[in-house]
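Numbering (full-length UniProt numbering), first residue to last: 1 to 90. From the three backbone atoms N, C-alpha and C, an ideal C-beta is built for every residue, glycine too.
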Amino acid sequence: MANIRRHLASSPFKQEIAPEVEVYAVGDDVCHDLYGLGRVVAVEGHAVSVDFRSRTVRIVSPYAKLEKLGGDDGEAEGDSESESSSESEA
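Below you can see the structure in the form of structure tokens.
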């Protein structure tokens, strides 16, 4: 059984916060500090394979030097389409 320590509010030490792990999907555009721009070609348990044109690299979690590009633009466009269609119906 693991010994999990509880953080006390009166403690002078900061509570350790687990880093949030980014979730990637096949086809995501990414940027790596060393390799540059690439596209995710495979997703495994705790690793992703990224095609950087000159080479394909397997990067393990946590993805400290890897950043997802593009954001959530797809969801925003979907919302605006539903708003415009409801306006035209009215």
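Assuming the contact rule is C-beta atoms closer than 8 Å, residue i and residue j should be a hit. Round their C-beta distance to whole Å, please.
{"i": "D38", "j": "H32", "result": "One point to set straight first is that residue 38 is Gly, not Asp, in the sequence displayed. Sure, about 6 Å apart at Cβ, within 8 Å."}
{"i": "V40", "j": "Y24", "result": "5 Å"}
Among the options, which one has its Cα closest to the Cα of residue i?
{"i": "K68", "options": "V26, S54 and T56", "result": "V26"}
{"i": "residue 120", "options": "D28, R55 and E16", "result": "Residue 120 is absent from the model: the chain starts at 1 and stops at 90."}
CA-CA distance, residue i and residue j?
{"i": "P62", "j": "E22", "result": "8 Å"}
{"i": "F52", "j": "G36", "result": "7 Å"}
{"i": "S49", "j": "G70", "result": "18 Å"}
{"i": "R6", "j": "I59", "result": "33 Å"}
I'd like the list of long-range same chain contacts for residue i, defined as Cβ closer than 7 Å, with 5 residues on each side in sequence excluded.
{"i": "L34", "result": "K65"}
Skipping 5 residues on each side, what residues in its chain have a beta carbon closer than 8 Å to that of residue i?
{"i": "T56", "result": "V41, S49 and V50"}
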